[in-house]
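To keep things clear, I will list the structure first and then write my remarks on it.
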Amino acid sequence: MLKGKDLISINDLSSQDVSGILSLATKVKKSPELYKDELRGKSLALIFQKPSSRTRVSFEVGMAQLGGHAIYLDETHIKFGSREAVKDIAATLSRYVNCIVARTFLNKDIEELAEHSTIPVINGLSDMFHPCQGLSDIFTITEKFKDPKKIKVVYIGDGNNVLHSLMHGVAKIGLDLTVASPKGYEPKKNIVNEAEKSVKITVLNDPLKAAEGADVIYTDVWVSMGQESERAKRLNAFKMFQIDSRLMSYAKPKCLVMHCLPAHRGEEITDSVIDSPNSIVFDQAENRLHVQKAILMLLLDK
């Protein structure tokens, strides 16, 4: 049962929890009209330190489609720890709304928010995790392949929050993962270890070797929000990790391409690849809506 729980990391969920989310998301996607009143009278607060398009729009539209209401608060409205203590924000919003989605620079701020809230708190992205993205990613993979355990999924790029949640996600559905990152930019070892309790995570520094025989290749930006000062260094470190036609030639001919977006075209991925028939990046983006609707209903016991 997920009622009243927080979603800070996919690792906090059981495989049964994840299965329940994916199952409900499938039903919601197929017949959205059946759920149009599920959250009638419910309110959701979106607290965003970092701007977003997909996360904000998908949660706002999702709440509207479920009969509820979303309120957006950015840094001009709420400043964690400077304008007001996090625990005071948590206590106040708990009296007004039924659920909080927080998008913060630091994961510890979301943890503190959850600690002092009496309502569910959802991690909309932090420096460590992006669980809603990770759940949407595994939903997309299971949607495209009848038996995901028989395929090779490869992530090529920065060992960031998106990858951390992807590793936690594949671990919950028994899917091995191959990762290729430049030296010094690999995923955090403790998160690799957590995922490896259930599946095999192979971490390489050679993108071409990683791409061999791949059924799915996933990438993300090389320079994330807040890393602008590292841009030149990162572009140099990642220059051999671009998803282009040469790298794709090492994968299977029908290899699918994933990207959580926004994409920096010409950097981590070329136009020809992201616009190819094998690209499922917009299916992936759409699935954020369906998966998050399922999460909201389950956390609010609907």
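The opening position of the sequence shown corresponds to residue 1455 in the numbering used here, with each subsequent residue numbered one higher.
Even for Gly, the Cβ is constructed at its ideal location relative to N, Cα and C.
This structure is a prediction, so every number in the text was calculated from the model and none was measured.
> Just checking, does the segment 1600-1613 make contact with the segment 1628-1641 on the three C-beta pairs under 8 Å criterion?
Replying inline: yes
>> Which residue marks the beginning of the beta strand (DSSP E) containing H1713, and which one marks its end?
In response: In this chain, the beta strand (DSSP E) harbouring H1713 covers 1710-1713.
> Among all the DSSP beta bridges, which residues are the ones paired with E1538?
Replying inline: F1534
> Which residue spans inside the segment 1680-1729 form an unbroken alpha helix (DSSP H) run of at least 4?
Replying inline: 1685-1692, 1699-1702, 1725-1728
>> Considering only the alpha carbon of each residue, which of L1493, K1457, V1575 lies closest to S1463?
In response: Nearest of L1493, K1457, V1575 to S1463, Cα basis: V1575.
>> When you compare the segment 1510-1524 with the segment 1472-1492, are there three or more beta-carbon pairs, one atom per stretch, that lie closer than 8 Å?
In response: yes
>> Just to confirm my understanding: we take G1588, look at its own chain, exclude 5 residues before and 5 after, and list those with CB closer than 7 Å. What are they?
In response: I1464, S1619, L1620, H1622, G1623
>> Please state the DSSP three-state secondary structure of R1494.
In response: coil
> If we ignore side chains and look at the alpha-carbon of each, how far apart do D1725 and P1641 end up?
Replying inline: One C-alpha to the other measures close to 26 Å.
> Does the separation of the CB atoms of E1722 and Q1696 fall below 8 Å?
Replying inline: Yes, these two residues count as a Cβ contact at 8 Å.
>> Just to confirm my understanding: we take L1461, look at its own chain, exclude 5 residues before and 5 after, and list those with CB closer than 8 Å. What are they?
In response: L1467, P1574, V1575, I1576, N1577, P1585, C1586, I1749, L1753
>> Once DSSP output is grouped into helix, strand and coil, what is the label at I1655?
In response: If DSSP states are grouped into helix, strand and coil, I1655 belongs with the strands.
>> For a test of the three-state rule: what should DSSP assign to I1734, helix, strand or coil?
In response: Coil, per DSSP.
> Does the beta-carbon distance from L1498 to V1540 come in below 8 Å?
Replying inline: no
> Since L1488 is in the beta strand (DSSP E), which residue starts that stretch and which ends it?
Replying inline: No beta strand (DSSP E) holds L1488; DSSP gives it neither H nor E.
> Just curious, the alpha helix (DSSP H) that V1515 is in, first and last residue?
Replying inline: 1508-1519
>> For Y1550 and N1615, what's the separation of their Cα atoms in angstroms?
In response: 30 Å
>> Cutting at 7 Å between CB atoms, please list the residues of its own chain near N1732, excluding the five before and the five after it.
In response: K1708, C1709, L1710, V1711
>> If I measure Cβ to Cβ from V1482 and keep anything under 6 Å in the same chain, skipping five residues before and after, which residues do I get?
In response: Taking C-beta separations shorter than 6 Å and ignoring five residues to either side along the sequence, the partners of V1482 in its chain run Y1489, H1744, K1747, A1748, following chain order.
>> If I measure Cβ to Cβ from V1653 and keep anything under 8 Å in the same chain, skipping five residues before and after, which residues do I get?
In response: V1624, A1625, G1628, L1629, D1630, L1631
>> Can you give me the C-alpha to C-alpha distance between T1530 and S1536, rounded to a whole angstrom?
In response: C-alpha separation (whole angstroms): 12 Å.
> Are at least three pairs of beta-carbons, each pair with one atom in the segment 1643-1650 and one in the segment 1667-1679, less than 8 Å apart?
Replying inline: The segment 1643-1650 is not in contact with the segment 1667-1679.
> Exposed or buried, Q1738, counting other C-beta atoms within 10 Å across all chains shown (16 or more means buried)?
Replying inline: buried
>> So, at 7 Å on beta carbons, what are the nonlocal neighbours of S1548 in its own chain, with the 5 sequence-adjacent residues on each side left out?
In response: S1571, T1572, I1573
> Can you round the beta-carbon distance between N1552 and K1496 to whole angstroms, since I take them to be within the 8 Å contact cut?
Replying inline: 5 Å
> Using DSSP with H/G/I as helix, E/B as strand and the rest coil, what is I1573?
Replying inline: It is coil, neither helix nor strand.
> Under a three-way DSSP split, which group does L1754 fall into?
Replying inline: coil
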